[in-house]
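Engineer: Those letters in the sequence shown? Residues 6 to 260, by our numbering.
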Amino acid sequence: MSRIIAIANQKGGVGKTTTVINLSASLAELGKKVLTIDMDPQGNTSSGLGLDKDNLDMTVYQLMIGECELAECRYASVVDGVDVLPATVHLAGAEVELIGIPKSQYILKNGIAGVRDEYDYVLIDCPPSLNLLTINAMTAADAVLVPIQCEYYALEGLSQLLYTIGLVQKSLNPKLEIEGVVFTMYDARTNLSMQVVENVKENLRQNIYKTIIPRNVRLAEAPSHGLPINLYDSRSAGAEAYRQLAKEVVKHRPE
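1) Gly-119 and Ala-146: beta carbons closer than 8 Å?
2) Identify whether Ile-183 lies in helix, strand or coil by the three-state DSSP scheme.
3) How about Ile-183 and Ile-9: are their beta carbons less than 8 Å apart?
4) Pull up the DSSP beta-bridge partners for Thr-41, would you.
5) Specify, as a first and last residue, the run of the alpha helix (DSSP H) that Arg-218 falls within.
6) Does the pairing of the segment 179 to 195 with the segment 218 to 237 give three or more beta-carbon distances under 8 Å?
7) Apart from the five residues on each side of it in sequence, which residues of its chain come closer than 8 Å, Cβ to Cβ, to Gly-36?
8) On the three-state DSSP scale, how would you describe Thr-300?
9) In the DSSP assignment, find the alpha helix (DSSP H) that holds Arg-248 and state where it starts and stops.
10) For the beta strand (DSSP E) that contains Leu-150, what are its first and last residues?
11) Where His-95 and Leu-177 are concerned, what is the direct C-alpha to C-alpha distance, given to the nearest angstrom?
12) Express the C-alpha separation of Glu-226 and Asp-122 in angstroms, rounding to a whole number.
13) Just to confirm, are Asp-125 and Val-25 a CB contact at a threshold of 8 Å?
14) What are the boundary residues of the beta strand (DSSP E) that includes Ala-11?
15) Please state the DSSP three-state secondary structure of Tyr-111.
16) Taking the straight line between their C-alpha atoms, what separation do you get for Leu-57 and Glu-207?
17) I think Leu-103 touches Met-69, with their Cβ atoms under 8 Å apart; what is that distance to the nearest whole Å?
18) In the DSSP assignment, the alpha helix (DSSP H) including Leu-103 goes from what residue to what residue?
19) Among the candidates Gly-231, Ala-148, Arg-223 and Tyr-168, whose CA atom is the shortest distance from the CA of Ala-244?
20) Is the distance from the Cβ of Ala-251 to the Cβ of Cys-131 below 8 Å?
21) Taking Met-143 as part of the alpha helix (DSSP H), name the residues at either end of that continuous run.
22) For my contact list, Ala-30 and Asn-235 are in at a C-beta cut-off of 8 Å; report their separation, rounded to the angstrom.
23) Which whole-angstrom value is the C-beta distance of Val-84 and Pro-233, which I expect to be below 8 Å?
24) Could you compute how far the alpha carbon of Glu-34 sits from the alpha carbon of Glu-72?
25) Can you give me the C-alpha to C-alpha distance between Ser-164 and Val-151, rounded to a whole angstrom?
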């Protein structure tokens, strides 16, 4: 049975999509079979794993509105062992179309059920807002992983995210847990990055991963080439950091 992890933070620009792309690839490098689900209408995870968003017949949008099964709208990525359920801008309209549909919060969960046994991990890239798409991801997930950027407003909005997770636990998915927090865009040259890490550790009673993702030029370049970092520059600091994070995620997995 796969472990389903939603990667979420309603604050944009925190390295959420970068984490989904590279954690997927690093888990595959460890021999894990991964399904990566793009629930962000920007579709950056889809293109970052080598898919051409302009030439896709079926996407997560068609799944959400009931036009296909998940097995019909997943694609092989550029990474061996990683399949992608892609997103395009059409997904932005799904929320309006789903208004009034009974149990619309469970669509993704029900969609994953038919293929769940085929994967070790399912990673879901949530949009940077707490909407019905994010609720679907959290309802389907076993756990939520929260990337936090090492910058002054790191904790801003985090309390709202934790509140939303609590609501989902209470009414939709009582088994949902917080996988942990991972620091991203860490710059060892600045005191601020170090202060943010210490501040979060002092104020957040959650699992915090030991791995810290550095601010890395090669990591920023990789998505424009449609490649995860371990294929774009396998020896870079970014590639090594995501390898370490993948090992922690596997080790942290409950029996």
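Where is the CB? At the ideal position from N, CA and C, for every residue including glycine.
Small disclaimer: the values here were computed from a predicted structure and weren't measured.
Structural biologist: Quick look at the numbers:
1) Here residue 119 corresponds to residue number 114 of the sequence shown, with the count starting at 1. Here residue 146 corresponds to residue number 141 of the sequence shown, with the count starting at 1. Not in contact: Gly-119 and Ala-146 (Cβ atoms no closer than 8 Å).
2) Along the sequence shown, read from residue 1 onward, the residue named residue 183 stands at position 178. Strand at Ile-183.
3) By one-based count along the sequence shown, residue 183 stands at place 178. By one-based count along the sequence shown, residue 9 stands at place 4. No, these two residues do not count as a Cβ contact at 8 Å.
4) Against the sequence shown, residue 41 aligns to sequence position 36. DSSP, once it has assigned bridges, lists Val-89 and Leu-128 as partnering Thr-41.
5) Position 213 of the sequence shown, counted from the start, is the residue given in the question as residue 218. As written in the sequence, residue 218 is Ile, which differs from the Arg given in the question. Following the DSSP letters along the chain, one finds Ile-218 in no alpha helix (DSSP H) but inside the beta strand (DSSP E) bounded by residues 213 to 219.
6) Touching, yes.
7) To locate residue 36, count along the sequence shown from 1; it is residue 31. Hits under 8 Å: Gly-86.
8) Given a span of 6 to 260 for the chain in the structure shown, any question on residue 300 remains unanswerable.
9) Taking the sequence shown and counting its residues from 1, one reaches residue 248 at position 243. Segment 242 to 257, the alpha helix (DSSP H) holding Arg-248.
10) Here residue 150 is taken as the residue at index 145 of the sequence shown, counted from 1. Note, Leu-150: beta strand (DSSP E), 148 to 154.
11) Reading the sequence shown from its first residue, position 90 is the one you call residue 95. Reading the sequence shown from its first residue, position 172 is the one you call residue 177. Approximately 26 Å between the Cα atoms of the pair.
12) Taking the sequence shown and counting its residues from 1, one reaches residue 122 at position 117. Taking the sequence shown and counting its residues from 1, one reaches residue 226 at position 221. Whole-angstrom Cα-Cα distance: 34 Å.
13) Here residue 125 refers to the residue found at position 120 when the sequence shown is read from its first residue. Here residue 25 refers to the residue found at position 20 when the sequence shown is read from its first residue. Not in contact: Asp-125 and Val-25 (Cβ atoms no closer than 8 Å).
14) Walking along the sequence shown from the start, residue 11 turns up at place 6. According to the DSSP assignment, Ala-11 belongs to the beta strand (DSSP E) that extends over 8 to 12.
15) Walking along the sequence shown from the start, residue 111 turns up at place 106. Helix at Tyr-111.
16) Counting from one through the sequence shown, the residue named residue 57 turns up at place 52. Counting from one through the sequence shown, the residue named residue 207 turns up at place 202. Here residue 57 turns out to be Asp, not Leu, going by the sequence shown. Here the C-alpha atom of Asp-57 lies approximately 43 Å from the C-alpha atom of Glu-207.
17) Taking the first residue of the sequence shown as 1, we reach residue 103 at position 98. Taking the first residue of the sequence shown as 1, we reach residue 69 at position 64. Contact flag correct, Cβ pair sits at about 7 Å.
18) Within the sequence shown, numbered from 1, the residue matching residue 103 stands at position 98. First-last for Leu-103: undefined, no H or E at that position.
19) Along the sequence shown, one-based indexing puts residue 244 at 239. With distances taken between Cα atoms, Ala-244 lies closest to Arg-223.
20) On the sequence shown, position 246 is the one that residue 251 refers to. On the sequence shown, position 126 is the one that residue 131 refers to. Contact flag unset, no.
21) In the sequence shown, residue 143 corresponds to position 138, counting from 1. Met-143 -> alpha helix (DSSP H) spans 137 to 145.
22) Against the sequence shown, residue 30 aligns to sequence position 25. Against the sequence shown, residue 235 aligns to sequence position 230. Their Cβ separation, rounded to whole angstroms, is 5 Å, which keeps Ala-30 and Asn-235 in contact under 8 Å.
23) Residue 84 sits at position 79 when you count from the first residue of the sequence shown. Residue 233 sits at position 228 when you count from the first residue of the sequence shown. That belief holds up - the Cβ atoms of Val-84 and Pro-233 are roughly 6 Å apart, short of 8 Å.
24) Counted from its first residue, the sequence shown places residue 34 at position 29. Counted from its first residue, the sequence shown places residue 72 at position 67. Each residue's Cα considered, the two are about 33 Å apart.
25) The residue you call residue 164 lines up with position 159 of the sequence shown. The residue you call residue 151 lines up with position 146 of the sequence shown. Between Ser-164 and Val-151, the C-alpha separation is close to 12 Å.
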